[in-house]
Structure formats: C-alpha cells, structure tokens
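Numbering (the numbering used here), first residue to last: 541 to 695.
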C-alpha cells in the first residue's frame with residue numbers, strides 16, 4: 541500500500557528518514573536517536589511531511605516540526621518546493637539538496653517526478669531502493685547498518 545504521507549515536500553522520501561524508521565520500526569533506534577539529539581524517545585516520532593498535524597520530532601532547530609522548509613511552504617500556501625518562484629535560487633533548499641546528494645538522493649529529480657504526476661511510481665521506486673540487501677526490510681538512508689539485522693549498508 542502506498543503511503544502518500546512519505547512524499548517529502550522538498551522531494552525527500554520520508555520513508556528513508558531515521559526518525560520515521562525509528563518511530564515505525566524500532567524502540568532501540570528511538571532510544572539511540574533520543575540520546576543523540578538530547579530528547580525523550582517519545583519525541584522521536586514522525587508520520588511524514590504530508591501529515592497535517594506535525595507532532596513529535598523537533599530535536600533539531602531546522603527539521604521535524606521545526607522544519608524551515610515546511611514553515612516556508614506553509615507561509616506561502618504551497619505544497620512543494622518546485623511550486624515556489626524562488627525554487628532555483630532558494631538557499632535553504634539548495635543546502636538541503638546538496639546535503640542529500642551523498643546519499644544518492646536527487647531532490648530536484650524527485651520533485652520533477654512528483655510534479656509530472658508520477659508520485660506513486662516514485663514512492664514505489666524509493667521503497668524498493670531503501671531496503672536492506674540482506675533482510676529486505678525498510679532502512680534509513682542515514683545509517684551505516686540495518687537497524688533490523690545489523691548488516692553493513694553501502695554508502
């Protein structure tokens with residue numbers, strides 16, 4: 541079943557985010573991330589960017605419920621970054637875009653697929669892409685090991 545809440549408004553696939561994976565899959569990972577970010581395990585929760593009421597994760601100044609990209613889009617009445625007139629020059633988006641290239645995520649390409657009406661196809665591709673090669677369970681793009689089986693993940 542396709543979960544459209546995982547369509548990141550910036551083009552990120554929310555299903556491969558450590559916070560989302562910890563919330564959905566692993567109390568151990570939730571505890572690890574809570575220690576890392578100095579919050580309670582209960583705060584390590586996210587349902588994806590498309591959820592109307594964003595609660596939980598706010599352990600970083602700019603992401604989660606504090607996400608500056610989401611705040612900007614909401615203030616402009618937009619759903620996705622590609623809808624903004626300043627999209628090409630947006631410093632905030634470009635910083636996030638550049639940071640995710642190292643994980644094999646091209647947020648611009650992702651947004652182009654969403655814009656072209658191929659969001660469901662893209663979600664299926666991303667779900668397949670972000671699976672452990674050892675146990676085939678969903679993984680985070682940010683982790684070096686599968687939180688399910690411990691297998692090393694290629695970067």
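Glycine included, C-beta positions come from ideal geometry on N, C-alpha and C.
* Asked: Would you say residue 640 and residue 562 are within 9 Å of each other, going by their C-beta atoms?
  -> By 1-based counting over the chain shown, the position of residue 640 is 100. By 1-based counting over the chain shown, the position of residue 562 is 22. No, the Cβ-Cβ distance between residue 640 and residue 562 is not below 9 Å.
* Asked: What are the boundary residues of the alpha helix (DSSP H) that residue 648 is part of?
  -> If you number the chain shown from 1, residue 648 lands on position 108. Run containing residue 648: 647-655, per the alpha helix (DSSP H) assignment.
* To do: Please report how far the alpha carbon of residue 548 lies from the alpha carbon of residue 589, in whole angstroms.
  => Position 8 of the chain shown, counting from 1, holds the residue named residue 548. Position 49 of the chain shown, counting from 1, holds the residue named residue 589. Their Cα atoms are separated by approximately 5 Å.
* Alpha-carbon spacing of residue 574 relative to residue 662, whole angstroms -> Taking the chain shown and counting its residues from 1, one reaches residue 574 at position 34. Taking the chain shown and counting its residues from 1, one reaches residue 662 at position 122. Rounded to the nearest angstrom, the two C-alpha atoms are 30 Å apart.
* Along the alpha helix (DSSP H) that carries residue 559, what are the first and last residues, could you check? => Walking along the chain shown from the start, residue 559 turns up at place 19. It spans 558-565 - the alpha helix (DSSP H) in which residue 559 sits, taken as one unbroken run.
* Asked: Taking Cβ to Cβ, would you say residue 696 is nearer than 9 Å to residue 646?
  -> Since the first residue shown for the chain is 541 and the last is 695, residue 696 is missing from the structure and cannot be characterised.
* Based on the DSSP secondary-structure assignment, which residues constitute the bridge partners of residue 671? -> As a position in the chain shown, residue 671 is number 131, starting the count at 1. Its beta-bridge partners are 678.
* What is the residue span of the alpha helix (DSSP H) that residue 634 lies within? -> Position 94 of the chain shown, counted from the first residue, corresponds to residue 634. That run of the alpha helix (DSSP H) goes 631-641.
* Apply the 10 Å Cβ neighbour rule to residue 584 and answer buried if 16 or more other Cβ atoms are within range, or exposed otherwise. => Within the chain shown, residue 584 is the residue found at index 44, counting from 1. The residue is buried, with at least 16 neighbouring Cβ atoms inside 10 Å.
* Asked: Roughly how many whole angstroms lie between the Cα atoms of residue 559 and residue 605?
  -> Numbered from its first residue, the chain shown carries residue 559 at position 19. Numbered from its first residue, the chain shown carries residue 605 at position 65. Using only the alpha carbons, I get a separation of about 12 Å.
* **7 Å CB neighbourhood of residue 655 in its chain, flanking five on each side removed** => Stepping through the chain shown from its first residue, residue 655 is reached at position 115. Excluding residues within five positions, the ones whose Cβ falls inside 7 Å are 622.
* **Nearest residue (CA-CA) to residue 671, options 660, 689, 658 and 657** => Within the chain shown, the letter at position 131 stands for residue 671. Closest option to residue 671, Cα to Cα, is 689.
* When 581, 564, 579 and 608 are compared against residue 587, the one with the closest alpha-carbon -> Taking the first residue of the chain shown as 1, we reach residue 587 at position 47. Ranking 581, 564, 579 and 608 by Cα distance to residue 587 puts 564 first.
* To do: State the DSSP-derived secondary structure class of residue 665, mapped to helix, strand or coil.
  => In the chain shown, counting from the first residue as 1, residue 665 sits at position 125. In the structure shown, residue 665 sits in a helix (DSSP, three-state: H, G or I).
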